[in-house]
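**Student:**
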Amino acid sequence: MQGGNDRSRYLWLALALVTALAYLWGLDGIYIPKFGDEMVYAHIARLTAESGHWLPLQSDIPNMRNTKPPLLFWQAMVAGQWGADWRLAALRLPSVIYTWGTAVMVVLLAAKLWSERQAAGAWTAGCIAATVFLLFFSTVRYNRTYLTSGPETFWLFGVMAAVAWAPARLLASRLWFPLLAGIAIAVGCLYKSFVMAGPVGLALFLCHVLAVPAGARPRTGLRHLAVSAFTSGLSVALAVGVFSLWLVIDPSPGDVWREFVMGENMGKMNKGTSYLAKALSGTDGVWVILTACLSNAGALLPVVLGAAIAAFLKVRSAASGDASRGPAMSQGEKVLWIWIAALTLFFLVPSQRTTRYLVPAMPAVAILVALYWPRIHRGWFMATAALSLATIAVLGIAAWGGTRATGDAALYAPAFWAMLAFMAVAGIAVFASRLLAPAASLVTALGAFAALTGLYAPFNASLGQFEPRVVAQLQGKLVAVANQFNGQSERYRFLLPGVAVKPVEAPATRTDQDLARLFAVAPLALVTRWPGDAPCQGCRVIASRWEPASRPGGRPLDALLHPGNFWFAREYLVERPAP
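For the sequence shown, the working numbering begins at 35 and goes up steadily by one.
1. Tell me which residue opens and which closes the alpha helix (DSSP H) that Tyr176 is part of.
2. In whole angstroms, give me the CA-to-CA distance for Ala568 and Gly216.
3. What whole-angstrom Cβ distance do Glu605 and Met73 have, given they're in contact under 8 Å?
4. For a minimum of 4 consecutive residues, which ranges assigned as the alpha helix (DSSP H) are wholly contained in the region 490-547?
5. Out of Thr440, Thr418 and Ser578, which has the shortest C-alpha to C-alpha gap to Val464?
6. Less than 8 Å between the beta carbons of Phe602 and Gly436, yes or no?
7. Classify Ser93 as helix, strand or coil using the three-state DSSP reduction.
8. Pull the bridge partners of Arg468 from the DSSP assignment, please.
9. Does the distance from the CB of Leu147 to the CB of Ser364 come in under 8 Å?
10. Which one of His596, Ala195, Tyr57 and Leu268 has the shortest CA to CA distance from Arg438?
11. Could you check what DSSP says for Ala577 in three-state terms: helix, strand or coil?
12. With DSSP as the reference, identify every bridge partner of Leu560, one or two as the case may be.
13. If you draw a straight line from the C-alpha of Lys511 to the C-alpha of Leu125, how long is it?
14. Which runs of the alpha helix (DSSP H) fall wholly inside the region 182-239 and span at least 4 residues, in chain order?
15. Around the C-beta of Asp94, are 16 or more other C-beta atoms found within 10 angstroms, so that it is buried, or is it exposed?
16. Given this structure, state the Cα-to-Cα distance separating Gln36 from Gly275, to the nearest angstrom.
17. What's the gap between the Cα of Ser266 and the Cα of Arg208?
18. In three-state terms, what does DSSP make of Phe602?
19. Just checking: is the beta-carbon of Asn520 within a distance shorter than 8 Å of some beta-carbon in chain D?
20. Between Ala404, Leu214 and Val459, which lies nearest to Ala427 when the distance is taken from Cα to Cα?
21. Within this structure, are the beta carbons of Ala110 and Ala137 separated by less than 8 Å?
22. Can you give me the C-alpha to C-alpha distance between Pro6 and Met396, rounded to a whole angstrom?
23. Can you give the Cα-Cα distance for Tyr526 and Ala534, rounded to whole angstroms?
24. I need the straight-line Cα distance from Phe415 to Pro502, nearest angstrom please.
25. So, helix, strand or coil for Pro336, using DSSP?
26. Note down the Cα distance separating Leu236 from Ala198, rounded to an integer number of angstroms.
27. To which residues does DSSP link Pro582 through a beta bridge?
28. Which of the three DSSP states, helix, strand or coil, is assigned to Gly37?
29. Quick check: the Cα distance between Gly63 and Pro492, rounded to an integer number of angstroms?
30. According to DSSP, is Gln571 part of a helix, a strand, or is it coil?
31. Ends of the alpha helix (DSSP H) at His258?
32. Which term fits Lys348, buried or exposed, when burial requires 16 or more other beta carbons within 10 angstroms of its beta carbon?
33. With distances taken from CA atoms, which of Ala420, Asn97 and Ile374 is nearest Leu324?
34. Please report the distance separating the alpha-carbon of Val608 from that of Leu497.
35. Report yes if the C-beta distance between Phe380 and Gly232 is below 8 Å; otherwise report no.
36. Figure out for me which residue from Val282, Ala506, Leu314 and Leu224 has the closest Cα to the Cα of Lys102.
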């Protein structure tokens, strides 16, 4: 492996640690890469904490109460001290800790599987795998925020990582490992859904069939299949049984059954339209799942594709008896491939398909990338660098637009521009040096992550906040805000803590007609305007703040030529005109 000496090993370790610590930058900010469900979950957790009871879950959003199992919300209630420390950083930190824990598993397993091939470079492989995992866009977007992805990935992948660590010994267990695996699966299910026991059970069964050394199998094939089905089924049954305790302890089990089991889970099956037609076309087609591991990789998509091609070439050579591409695939590596395949096959079935379903597979993908790192063609690293450089360039233009929109040339510190320049140099090094290309491609990908976080940084600080004196004056007053999707208005619980926020189902308040709908329910309202536009006619402006926003209907070229008018907007707190 390139970089197998002590010096480069420490450099890889430093890169992995810097990437892990980057997850803390901006953690308390409204504006970070995230998913809309985060505010829905924060809303449910906040109201449940205010009720003073663990159960039943509480929500003011229609049909959005028992949308996830209680463990996700209990985690937030404890982390937020039952409302006493209700900050985004407090809610998100457990997800980051879970993700760091997964990264540690990735380091250890990658190092072990590498050492089975050759002694040198094992810890380097582990650091590469962890860095790749942490730089996947799905990890940044889903595993860092207050969502189910961080915890479910830790617990579900943890089961498969244990099998990959010692496949012969653990798969030979008839009782103790199936029971421990069932408990771990149950915890993961209590964060996401009982459905997640399905792909893990399928993966365990396939591991019994495909990843157990031939000498360790019973002589009778049918007996082996029966034992495999029993032990895998035992884990699944235990997990579902533990999960079912929610129905026992919840004061409203009928609501849980109707809203979660039938609505949230069975509702993902096809209704009305042709199942086959939906599977083969549209945004919910099977291709979403089949390509999920690639799309989840973000800028690292080319590297993942290059590793997959390298693995295919190795398997083809082994099948033809050619040992020039290295030793045959180990049992532990087979477990990783089985885990990816099981998740893919299982989630081809629902008619509602999303790349998020494959997020628990991404640690395995990262380990496989590290195992095939030396065999990945340089062109794939160059492609990753090109994608990252393009991202950095666009974000740099957006930052320049921010200085134009706000009129503050010092909006971004010199360190931000220096960071962009350094990351650009790292990207150029990928094309200039064959030796530096692999490492520099990851540095450039880290640069894209850092550039996005840095772009948002001023708006997560005072520029994007209302002044504390204004928030103090608004205590106990009603403020109307437009709400276009579930939970959108929950962010104002962090922007205007202690203020009574009234969400109104209305389009973004960008016209006087939109604002009139808000004034119909409250004397105070929030209105968003593009740079240069007046907030409203006749109303009194109390305060304002800046926020990142993309102009709807704008052309992509406008984002580059006029970034100040495209990427940023101003939100005003206004008072209804006197009659």
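Beta carbons: idealized from backbone N, C-alpha and C, even for Gly.
**Tutor:** Considering the structure as presented:
1. Start and end: Phe171 to Tyr176.
2. 59 Å
3. Not really, about 16 Å apart at Cβ, beyond 8 Å.
4. 502-507 and 526-529
5. Thr418
6. yes
7. coil
8. None; Arg468 has no bridge partner.
9. yes
10. His596
11. strand
12. Leu607
13. Within the model, the alpha-carbon separation for Lys511 versus Leu125 is close to 26 Å.
14. 183-199, 201-205 and 210-225
15. Asp94 counts as exposed, since fewer than 16 other beta carbons sit within 10 angstroms of its beta carbon.
16. Because the pLDDT at Gln36 is just 48, under 50, the model does not fix this residue reliably, and the value given afterwards should be weighed accordingly. Distance between the alpha carbons of Gln36 and Gly275 is about 48 Å.
17. 10 Å
18. strand
19. Among the chains of the structure shown, chain D does not appear; only one protein chain is present.
20. Val459
21. no
22. Residue 6 lies beyond the residue range present for the chain, which begins at 35 and ends at 613; the question has no answer from this structure.
23. Approximately 9 Å between the Cα atoms of the pair.
24. Going by the C-alpha atoms only, they are around 47 Å apart.
25. helix
26. 15 Å
27. Phe602
28. Here the model assigns Gly37 a pLDDT of 44, short of 50, so the residue's position is not dependable and the matter cannot be decided.
29. 10 Å
30. Residue state, collapsed to three classes: coil.
31. Gly255 to Phe277
32. buried
33. Ile374
34. Each residue's alpha carbon lies about 18 Å from the other.
35. yes
36. Leu224
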